[in-house]
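Student:
Protein chains: 4
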Amino acid sequence: MSLAQQPLLRKERERLAKRQEIVNAARQVFAQKGYDHATLDEIAAKAEFAKGTLYNYFDSKETLFREIVSAMLDDLARIAEVAMEGGGSLRERFLRYATQTMEYHKKNEDLQRILARELNRMQLEVGLVPIMQRLRGIADILGSALKKEINKRTIVREEPTELAFVFLGMVHNRTLRRSFEGKGLSEFEPEREAHFLVQLFFQGCEVA
Amino acid sequence: MSLAQQPLLRKERERLAKRQEIVNAARQVFAQKGYDHATLDEIAAKAEFAKGTLYNYFDSKETLFREIVSAMLDDLARIAEVAMEGGGSLRERFLRYATQTMEYHKKNEDLQRILARELNRMQLEVGLVPIMQRLRGIADILGSALKKEINKRTIVREEPTELAFVFLGMVHNRTLRRSFEGKGLSEFEPEREAHFLVQLFFQGCEVA
Amino acid sequence: MSLAQQPLLRKERERLAKRQEIVNAARQVFAQKGYDHATLDEIAAKAEFAKGTLYNYFDSKETLFREIVSAMLDDLARIAEVAMEGGGSLRERFLRYATQTMEYHKKNEDLQRILARELNRMQLEVGLVPIMQRLRGIADILGSALKKEINKRTIVREEPTELAFVFLGMVHNRTLRRSFEGKGLSEFEPEREAHFLVQLFFQGCEVA
Amino acid sequence: MSLAQQPLLRKERERLAKRQEIVNAARQVFAQKGYDHATLDEIAAKAEFAKGTLYNYFDSKETLFREIVSAMLDDLARIAEVAMEGGGSLRERFLRYATQTMEYHKKNEDLQRILARELNRMQLEVGLVPIMQRLRGIADILGSALKKEINKRTIVREEPTELAFVFLGMVHNRTLRRSFEGKGLSEFEPEREAHFLVQLFFQGCEVA
DNA sequence: AATGAATGAGTTTTCATTCAT
DNA sequence: CATGAATGAAAACTCATTCAT
C-alpha cells in the first residue's frame, strides 16, 4: 500500500465511519418510531450531525431506510446460506439456521422491529428487489435443502419453498411476538427455542 | 311494530348504512396505504362523502381506525370461540378454526393487510386493550383446548398458549404471505391449506 | 281583540318564547367561551333545539350575537337615562346610575363578560351603530347632566362627555375586574361601591 | 472581542433580528385581528417569511402570542417601578407613571389593543402567571406608594391596591377609548392627560 | 464537508351554513 | 317549523429537502 494512498484511505475510512454513525442512529430511530414517524431531525440529533449533513451521505430518508433494511436482509440471507452449506443432517442444518437467525434478532432487536413494522412497506423495493422477493430468496435457500429429503420421500411432498416458508415464519414469529409483548428479548434463549421449532417442524413433516 | 316507529328505524338504518360506507372505504384505504399514509381526503372520496362528513360519524382518524381493527379482532376471536366450542376431536376443531380464519382473511383481504401493516402500531390500544393482548386472548382460546391433550400426555408438554401461538402464527402467515406476494387470495384454498397446517402441527406435537 | 286573532297571538308568543330560549342559551355560551369559541352546536344543545332550527330565528351567528350585545347596550342606556331623569342632586343621580349599572352587571355577570371579551369586536357594528358609539351615547347622557354643573363653575371645566367617560370607565372597571379575578360578583356590594366612586369622582372634579 | 467570535455574534444578531421581525409582524396582526382571527399565514406574509419558518423561531401561535403579551406586561411593570422609585412627591411620581404609561401606549398602539382585545383571554397564563395577576402586580407597586399616605391619613382609608386599580383603570381607559374610537393616538397628549387624571384622582382621594 | 435557516406542500380537524325530509 | 346530515373553506402544524454560508 503506497504512502500516497494513506491519507486518502484515512479520509475514506473517516467518511465511512461517519456514514455508519448515521446508519446506526437511523436504525434506532426507525425501530423505535417506525419509518413515518422517524424524523431526520431526530436521526441527525442522535448521530450528532446537523440535519443537512445527512444529505451528504444519503440522497433521501428513503435511501437511508432502504440501506438499513437491505443490509439486514443480506445478513439474514447469509445466515441461511452458511447454515445450509455447513455439514450435518438436515435437522442439524435447520437447527443452526434457526439458532443463528434468532440470535441475530436478539442481538439486533431494533432491526427485527423495523422489518415487522415495515411489512407495512413490503411492496417497497429495497435496493431493486421487493422485500417479499428477498424473503423468498431466503426461503429458497432453505427449500433447496428440503428438496432432497422430499425426493427421498422421508418428508411430506410439498413444494419445498412453501414448506421452507412455514419454517421461516415459525422462526420469525417466535422472536417477533416476544419483542412486541414488550418484555424484550434479553431472556430469550435462541438455542432452546430452535430445538423446539425444529423438532415440531420435522416431526410434523415426516411421512406418516 | 307501530307505523310511527317506521321512519325512525329507517333513518337509523340509513345512518348505519352510511356509516358502514365510510368504514368500508376506510378499510380499503388503510389496507392499501397503511394508517399514516391513508388520508381522510382519500377515504372521503372513496366513500363519496365530503371530508367534514366523516366527522359526523367518527371523532377522528384514530377512532375510525380503531373501530376497524377492533371489529376484526372481535371477528377473529369469535371464530376461535365457535370453532373450539363445537364438537369433534381436537384436530377437527383446529381444522375448523384454521379453515374459517383463512376464509375470513380471503373474504377480507384488506383487513388482513391492515393487521399486518399495523403490527406497526401494535402497542396501540384498540378499544382499551393493546392489540397484542387481544391476540393473546385468541391464543388462549386455542390454548385451553390444547391443555386437555397436553395433560393427557398425547401432545408435547409446552405451555398451551405458547403452543397455540405457534399454530396461530402458522395460519396467519399462510394467508399473509400470499397477500403480500401480490397475487391476491382468489385462488387460495382455505380448506386444503387448513388440512396441511393441522396435519403438520399435530403430527409435530405428538409425543414421540 | 278579536277571537280570530287569538291563535295567531299565541303562536306569536310561543315563537318569541322559543326565540328567547335561544338568546338565553347564546348569552351563556358567548359569555363563557367568547364569540369565536362559542359554537352553534353548543348553543343549540343548551337551548334544546337542533342546530338548524337556530336559523329559523336568526340569520347567522353574528346576528344572534349582535342582538345580545345590542339589548345589553339598550339596557345600559336606559339605566343611564332613568337615573339622570329622576330627581335629586347631581351626586344623587350619579349614585343611582352607578348603583344600578353595577347591579345590572351583578345580575347579568355573563353579559358583562361578553362586553369585556368583545371589546375585541368593538369596531363591530351592532345594529347599525358601532359599539363604541353606543357607549358614547351613554356617556353623553351622563355628560349633559354634568354640563349644567360645569357651566355653574362648580366642577372642572372639561368637555362633559369626556368627564362622563371617566366616570363610566370607573364604574365598569370596578365590576369587570372582580369578574375577571375569578371570584364572581356574589359578594359585590353595588351600593357601597357606588358611594365610593361617586365621592371620589365628584370630590376630584370640584373646582379647587 | 476575538475575531473568531465575530461570525457567531453576527449570526446570533441576525437570528434575533429575524425573530424580532416576526414578533413585530405578529404584534400588528394580533392587534388588528385579535388572537383567534390572526392567522399564521398573514403573520408570515407580513414578516416576509414562509409559514413554516415561523416554527423555527416559535413553538406555536400561542407561544408567539404569549411572548408579546408578556413583554408588554414586563414593560408596564417596569414603568410603574421606575416611576415609583424616582424621587418627588406622591403626585409627581403618579404623574410620571401616568405620563409614561400613556406614552408607551401611544408609541405601541397595537400592543395596547392586544391587551384590551385579550382581556378576552385573561384567564390565560402568560409565562406562568395569569394576566390578571400580572396587572395586580402593577397595581401593588402603585399601591405600596399610596399606603404611606393612607397611613398619614391624608388620603382616604381604602385598601391601597384597590385604590391603585382605580387609578390604573383611569389611565388605561383613557388611551384605550381613544384607540377604539378609531382616530388613533397621534394627537393624544400624554402629559396633559396625565395632569388631568392625577389632579382628579388625588383631589378625589383627599380626606375631606 | 458541515451547517441550520428557509421552504411549502400536505394533513387533520373545526364549524357556520345549507337543505332535503 | 324542526331536524340533523352534508358541506367545504379555513387554519395550525410537520417535516423532508434545498441551499447559501
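Residue numbers (the numbering used here), protein chains in the order written: chain A, 1 to 208; chain B, 1 to 208; chain C, 1 to 208; chain D, 1 to 208.
Where is the CB? At the ideal position from N, CA and C, for every residue including glycine.
Please read these numbers as outputs of a predicted model, since none were measured by experiment.
Closer than 7 angstroms by beta-carbon distance: list the chain B residues that pair up with Glu181(A), in chain order.
Tutor: Correct list: Met132.
Student: Which word fits Ser186(D), buried or exposed, when buried means at least 16 other C-beta atoms lie within 10 angstroms of its C-beta?
Tutor: Exposed, because fewer than 16 other Cβ atoms sit within 10 Å of the Cβ of Ser186(D).
Student: Where His105(D) and Thr161(C) are concerned, what is the direct C-alpha to C-alpha distance, given to the nearest angstrom?
Tutor: Each residue's Cα considered, the two are about 22 angstroms apart.
Student: At least one CB of chain C closer than 9 angstroms to the CB of Glu206(D): is that the case?
Tutor: Yes - at least one Cβ of chain C is within 9 angstroms of the one on Glu206(D).
Student: Have a look at the DSSP bridge pairing and note the partners of Gln155(B).
Tutor: Per the sequence shown, the amino acid found at residue 155(B) is Ile instead of Gln. DSSP, once it has assigned bridges, lists Glu206(B) as partnering Ile155(B).
Student: Can you list, in chain order, the residues of its chain with a C-beta nearer than 7 angstroms to that of Arg96(A)? Leave out the 5 residues immediately preceding and following it.
Tutor: Excluding sequence neighbours, Arg96(A) sits near Ala83 and Gly86.
Student: Can you check the region 21-87 of chain D for any beta strand (DSSP E) of at least 3 residues that lies completely inside it and give the ranges in chain order?
Tutor: As far as the region 21-87 of chain D is concerned, it has no whole beta strand (DSSP E) run of at least 3 residues.
Student: Could you tell me the alpha carbon to alpha carbon distance between Gly34(C) and Thr175(C), rounded to whole angstroms?
Tutor: Distance between the alpha carbons of Gly34(C) and Thr175(C): 18 angstroms.
Student: Rounded C-beta distance between Arg177(D) and Phe188(D)? I'm assuming under 8 angstroms.
Tutor: Not really, about 11 angstroms apart at Cβ, beyond 8 angstroms.
Student: Which residues, in order along the region 165-194 of chain C, keep a beta-carbon less than 7 angstroms from a beta-carbon of chain D?
Tutor: Those would be Phe165, Val166, Gly169, Met170, Asn173, Arg177, Phe180 and Glu181, in chain order.
Student: Please name the residue in Ala45(B), Pro190(B) and Ala77(B) whose C-alpha comes closest to that of Leu142(B).
Tutor: Nearest of Ala45(B), Pro190(B) and Ala77(B) to Leu142(B), Cα basis: Ala77(B).
Student: Mind pulling the chain A residues with CB within less than 9 angstroms of Leu73(B)?
Tutor: Those within 9 angstroms of Leu73(B) in chain A number zero; the least Cβ separation is about 15 angstroms.
Student: Give me, in chain order, the residues of the same chain whose beta-carbon lies closer than 8 angstroms to that of Ile79(A); leave out the 5 immediate sequence neighbours on both sides.
Tutor: Hits under 8 angstroms: Tyr97, Gln100, Thr101 and Tyr104.
Student: Could you say which of Lys183(D), Met170(D), Thr154(D) and Gly184(D) lies nearest to Cys205(D) if we only look at CA atoms?
Tutor: For Cys205(D), the nearest C-alpha among the options comes from Thr154(D).
Student: Mapping DSSP to helix, strand and coil, what is Phe188(D)?
Tutor: Coil, per DSSP.
Student: Inspect the beta-carbon positions of Asn24(A) and Met72(A) and report whether they are closer than 9 angstroms.
Tutor: Not in contact: Asn24(A) and Met72(A) (Cβ atoms no closer than 9 angstroms).
Student: What runs of the alpha helix (DSSP H), each 4 residues or longer, lie entirely inside the region 99-123 of chain D?
Tutor: Segments of the alpha helix (DSSP H) lying fully in the region 99-123 of chain D: 109-117.
Student: Taking the straight line between their C-alpha atoms, what separation do you get for Val171(A) and Ala116(A)?
Tutor: Cα to Cα, Val171(A) sits roughly 13 angstroms from Ala116(A).
Student: Would the region 14-31 of chain C count as touching the region 51-66 of chain C if we require 3 or more Cβ pairs under 8 angstroms?
Tutor: Touching, per the Cβ criterion.
Student: So what's Glu181(D) in DSSP terms, helix, strand or just coil?
Tutor: In the structure shown, Glu181(D) sits in coil (DSSP, three-state: anything other than H, G, I, E or B).
Student: Applying a beta-carbon distance threshold of less than 8 angstroms, which residues of chain B neighbour Leu200(A)?
Tutor: The answer, in chain order, is Val156, Val166, Phe201, Gly204 and Cys205.
Student: Using a Cβ cut-off of 9 angstroms (strictly closer), state whether His105(B) contacts chain A.
Tutor: No, His105(B) does not count as interfacial toward chain A.
Student: Check distances from the C-beta atoms of the region 20-39 of chain A to those of chain B and list, in chain order, the residues that come in under 7 angstroms.
Tutor: Residues Gly34 and Asp36.
Student: Tell me which residues share the same chain as Lys18(C) and place their Cβ nearer than 8 angstroms to its Cβ, disregarding the 5 neighbours each side in the sequence.
Tutor: Taken in chain order, the residues that qualify are Phe49 and Tyr57.
Student: Quick one: what does DSSP say Ser144(C) is sitting in, helix, strand or coil?
Tutor: Helix.
Student: Within this structure, are the beta carbons of Ala139(C) and Phe94(C) separated by less than 9 angstroms?
Tutor: The answer is no: Cβ separation not under 9 angstroms.
Student: Using the C-alpha atoms, what's the distance from Thr53(B) back to Ala38(B)?
Tutor: Cα to Cα, Ala38(B) sits roughly 17 angstroms from Thr53(B).
Student: Apart from the five residues just before and just after Glu165(C), which ones in its own chain have a Cβ nearer than 7 angstroms to its Cβ?
Tutor: Going by the sequence as given, residue 165(C) is Phe instead of Glu. Closer than 7 angstroms at Cβ, skipping near neighbours: Ala139.
Student: Cβ of Phe196(B) less than 9 angstroms from any chain A Cβ?
Tutor: With 9 angstroms as the cut-off, Phe196(B) counts as an interface residue toward chain A.
Student: On the CB-based measure, 16 or more other CB atoms within 10 Å of its CB, does Ala208(C) come out buried or exposed?
Tutor: By the neighbour-count rule (16 or more Cβ atoms within 10 Å), Ala208(C) is not buried but exposed.
Student: Would Arg13(C) be called buried (16 or more neighbouring beta carbons within 10 Å of its own) or exposed?
Tutor: The residue is exposed, with fewer than 16 neighbouring Cβ atoms inside 10 Å.
Student: Go through its chain and collect everything with a Cβ distance to Glu42(C)'s Cβ below 8 angstroms, but skip five positions before and after it.
Tutor: Taken in chain order, the residues that qualify are Val29 and Lys33.
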